Amino acid sequence: MASSSTKMEIIPGKDRFLSATRPIQPGEILLTDQPLILYPASLSYLEIFCSNCFRIVSSEQFRCMTCNIARFCSARCYSSSHPTLLCHALPSLIADELQLPSHTPDLIFLLSIYSTSADSILQLISLPSPDSPPYSLIEYLETQFVRLIPRNMIPRHFSHGITFKLLSVEKTYGLPIYGPRESDFIDCDIHDIRAYGLFFRASHIKHSCLPNSCVFNDVDDPNRQGDTTFVFKALDWIGEGKEISRSFVDDHLDMEYDDRFRMIKGLKGFDCKCHRCDTEKIFEKNKLDKGKRQPIAPYAHFIDCHVCHHCQGCLAPLPPSQDGVVSTVMQCNKCGVQVTKNQPDPPAAEDASSRTV
Ligand SMILES: [Zn+2]
Ligand SMILES: [Zn+2]
Ligand SMILES: [Zn+2]
Ligand SMILES: [Zn+2]
């Protein structure tokens with residue numbers, strides 16, 4: 030059922046997006062996707078998380094025999110190992126003082142992504158990507174890249190053009206795995222990002238600040254055993270044929286327009302022109318003109334229903350029952366908390382489109 034609830038729609042020469050193949054209930058799974066690559070957000074997290082699935086490592090048992098740095102949570106993850114170029118570069122990357130240490134995450138990403146297949150890289154660079162990293166940054170990262178690995182390990186497709194495009198794609202589409210929900214780690218909590226994943230199919234879900242889906246990826250769930258599938262769930266009723274959307278910054282859905290717009294531009298590299306932003310932009314202008322402020326009812330309801338009071342993550346209903354009853358239990362995709370909320374009634378047939386983004 031999950032795999033058939035959405036399909037990729039292609040408008041030749043223009044656009045690709047995911048749409049619903051049938052009416053969808055709140056809480057239904059829309060898509061499950063495996064990352065083309067998962068990579069750590071920081072070198073300091075290599076001691077805490079499995080370098081393959083990024084769950085918390087609880088024993089000293091499995092450590093990479095090549096770099097002697099990366100750790101793994103199980104024999105299965107140990108045998109899957111971690112990106113070859115990153116593995117090779119880690120000892121120098123940790124020992125050296127980079128001139129620009131703030132760009133270590135970019136280097137970790139490039140060393141990871143250039144370790145994957147040329148096919149994965151081709152898929153990623155086919156995605157539309159609005160951000161333009163400065164040429165000086167590309168030059169710096171490439172200099173470091175070739176310094177950290179031997180000449181014979183440099184992939185044949187390593188080039189300015191591909192590095193530029195990969196960095197741009199990563200900024201826009203990188204999906205976070207947040208820090209542990211409960212832990213004693215001083216340097217990493219639920220608001221930190223432990224790792225990022227990059228996807229091909231799921232990257233065709235467009236951004237909206239009033240999304241109709243959100244993504245779950247609780248890698249520490251003891252039932253998942255190293256499973257790195259990301260699960261996209263419906264937030265609301267979605268009519269057949271309607272486009273699926275998600276927020277690329279879904280722990281900031283309650284931010285006001287100006288701050289949210291700037292944050293999306295800074296973190297994701299694009300000017301958000303979604304329906305909510307267009308409406309709130311006019312609202313902000315009117316507020317300045319008239320010196321008064323009124324809540325926008327549809328968005329206030331969405332925020333009340335879908336923003337977690339504990340961590341600002343996104344709340345989605347648990348899956349509907351076998352006989353199609355929508356759950357009143359909402360779960361946060363970041364901290365995992367469950368709360369009970371009344372769900373809206375299904376839309377009338379002719380009204381289906383107005384309930385979706
Ligand atoms: Zn693992
Ligand atoms: Zn290694
Ligand atoms: Zn927006
Ligand atoms: Zn939460």
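Mind the numbering: the sequence shown is residues 30 to 386 in our numbering, read in order.
Beta carbons are placed, not taken as given, at the ideal position from N, Cα and C, and that holds for glycine.
Bear in mind the structure is a predicted one, so any value in this text is a computation, not a measurement.
Q. Apart from the five residues just before and just after residue 178, which ones in its own chain have a Cβ nearer than 6 Å to its Cβ?
A. By 1-based counting over the sequence shown, the position of residue 178 is 149. Excluding sequence neighbours, residue 178 sits near 114, 117 and 118.
Q) At which residues does the beta strand (DSSP E) containing residue 360 begin and terminate? A) Translated into positions along the sequence shown, residue 360 becomes position 331. Residues 358-361.
Q | For residue 365 and residue 330, the rounded distance between their alpha carbons | A | Here the question's residue 330 lines up with position 301 in the sequence shown. Here the question's residue 365 lines up with position 336 in the sequence shown. Spanning the two alpha carbons is a distance of roughly 21 Å.
Q.
Going by C-alpha to C-alpha distance, which of 33, 278 and 283 sits closest to residue 295?
A. As a working mapping, residue 295 is identified with position 266 in the sequence shown. The residue with the shortest Cα to Cα distance from residue 295 is 278.
**Q.** Backbone CA spacing between residue 275 and residue 336 [nearest angstrom]
**A.** Taking the sequence shown and counting its residues from 1, the one referred to as residue 275 is at position 246. Taking the sequence shown and counting its residues from 1, the one referred to as residue 336 is at position 307. A direct Cα-to-Cα measurement between residue 275 and residue 336 gives close to 14 Å.
Q) Within the present structure, is the beta-carbon of residue 102 separated from the nearest heavy atom of ligand 1 by less than 7 Å? A) As a first step, residue 102 is located in the sequence shown; it is residue number 73 there, counting from the start. Within the cutoff, so yes.
Q | Nearest neighbour of residue 204, chosen from 95, 235 and 370 [CA to CA] | A | Taking the sequence shown and counting its residues from 1, one reaches residue 204 at position 175. Considering only alpha carbons, the answer is 235.
Q | Proximity to residue 85 [Cα-Cα], best of 208, 265, 193 and 122 | A | Residue numbering aside, residue 85 sits at position 56 when the sequence shown is read from its first letter. If we check each option's Cα against that of residue 85, 208 comes out closest.
Q. Exposed or buried, which one is residue 62 when buried takes at least 16 other CB atoms within 10 Å?
A. Within the sequence shown, numbered from 1, the residue matching residue 62 stands at position 33. Buried, since its Cβ has 16 or more Cβ neighbours within 10 Å.
Q.
At the level of alpha carbons, what is the spacing between residue 307 and residue 53?
A. Indexing the sequence shown from 1 puts residue 307 at position 278. Indexing the sequence shown from 1 puts residue 53 at position 24. About 26 Å.
**Q.** Inter-stretch contact at 8 Å, needing at least 3 Cβ pairs: the segment 187-206 / the segment 145-157
**A.** The segment 187-206 makes contact with the segment 145-157, as at least three CB pairs between them are under 8 Å.
Q. Taking buried to mean at least 16 other C-beta atoms within 10 Å of its own C-beta, is residue 145 buried or exposed?
A. Within the sequence shown, the letter at position 116 stands for residue 145. By the 10 Å Cβ count, residue 145 comes out buried.
Q. Using a threshold of 7 Å, is the CB atom of residue 342 nearer than that to any non-hydrogen atom of ligand 4?
A. The residue you call residue 342 lines up with position 313 of the sequence shown. Answer for residue 342: yes, Cβ within range of ligand 4.
Q: For the alpha helix (DSSP H) containing residue 123, list its first residue and its last residue.
A: The residue labelled residue 123 in the question sits at position 94 within the sequence shown. Per DSSP, residue 123 belongs to the alpha helix (DSSP H) from 113-124.
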